[in-house]
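**Q** Chains as they are written, first to last, in full-length UniProt numbering: chain A, 1 to 117; chain B, 1 to 117.
1) What are the uninterrupted segments assigned as beta strand (DSSP E) that are 3 or more residues long and contained completely in the region 36-96 of chain B, given in chain order?
2) Less than 6 Å between C-beta atoms, sequence neighbours within five positions excluded: which residues of the same chain meet that for residue 36 (chain B)?
3) From residue 68 (chain A) to residue 53 (chain A), what does the alpha carbon distance come to, in whole angstroms?
4) Hey, could you find the ends of the alpha helix (DSSP H) residue 111 (chain B) is sitting in?
5) Using a Cβ-Cβ cut-off of less than 9 Å, give me the residues of the region 82-94 of chain B that come near chain A, in sequence order.
6) Are residue 58 (chain B) and residue 94 (chain B) close, meaning C-beta to C-beta below 8 Å?
7) Using a C-beta cutoff of 8 Å, does residue 13 (chain A) count as contacting chain B?
8) Spell out whether any CB of chain B is found under 8 Å from the CB atom of residue 39 (chain A).
9) Per DSSP, what are the beta-bridge partners of residue 30 (chain A) in this structure?
10) Could you tell me the boundaries of the alpha helix (DSSP H) in which residue 9 (chain B) lies?
Right, dumping it as structure tokens:
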């Protein structure tokens, strides 16, 4: 593989809530995503959910609190924990890590397609 | 857990080549590290090795080429691949991901201790 420049990858597409896989690590997809507005409440029963904000400010709403991440801040949502990522104050660019094949919505029926770039 | 501000964590210690675990994801340690100069050649027979440069410029020497990473650039060294990280042009700050318990040198006898911050 080659190195991955995250900003270049993020500049290569415009869609929101459509993660792109840029590398793989031990059966996990390393993804970049651009988001704006509200996602929906969901959980991943079998995997933690890794968020690292690269640009913008993201609220990760949990049932009992809100975790707000700016650039260079990360949070891992434990498996089985309901959460809703929300970008209320402009677009947010992030790095995500999930086991390959994990539906981003927690439900294969509604999951975004898997796209590698 | 709380969110993790990577710059704050990196500012909390000064040692080189001494990774600090700042979060966990599915049995993997999410670590920050400050490095300068040469590490040694090694490989991890059972795991890929994830590098994301946050500050500075890192050379990951492979036996057949050199991958140079700047801020916002990542590279995954495939398992079993000999490599040597080198920071020749000043200090480098990085995010690393490895399965918990992985010796950073590839050898438990010479590995850095596991430190959580």
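From the three backbone atoms N, C-alpha and C, an ideal C-beta is built for every residue, glycine too.
**A** Well, looking at it:
1) Segments of the beta strand (DSSP E) lying fully in the region 36-96 of chain B: 49-55, 58-62, 66-69 and 73-77.
2) Closer than 6 Å at Cβ, skipping near neighbours: 16, 87 and 91.
3) CA-to-CA, the gap between residue 68 (chain A) and residue 53 (chain A) works out to about 10 Å.
4) Run containing residue 111 (chain B): none; DSSP gives neither H nor E here.
5) Of all residues in the region 82-94 of chain B, none has a Cβ within less than 9 Å of some Cβ in chain A.
6) The answer is yes: Cβ separation under 8 Å.
7) Chain B has no Cβ within less than 8 Å of the Cβ of residue 13 (chain A).
8) Not an interface residue.
9) Assignment of beta-bridge partners to residue 30 (chain A) by DSSP yields A:23 and A:97.
10) Here the alpha helix (DSSP H) through residue 9 (chain B) covers 6-11.
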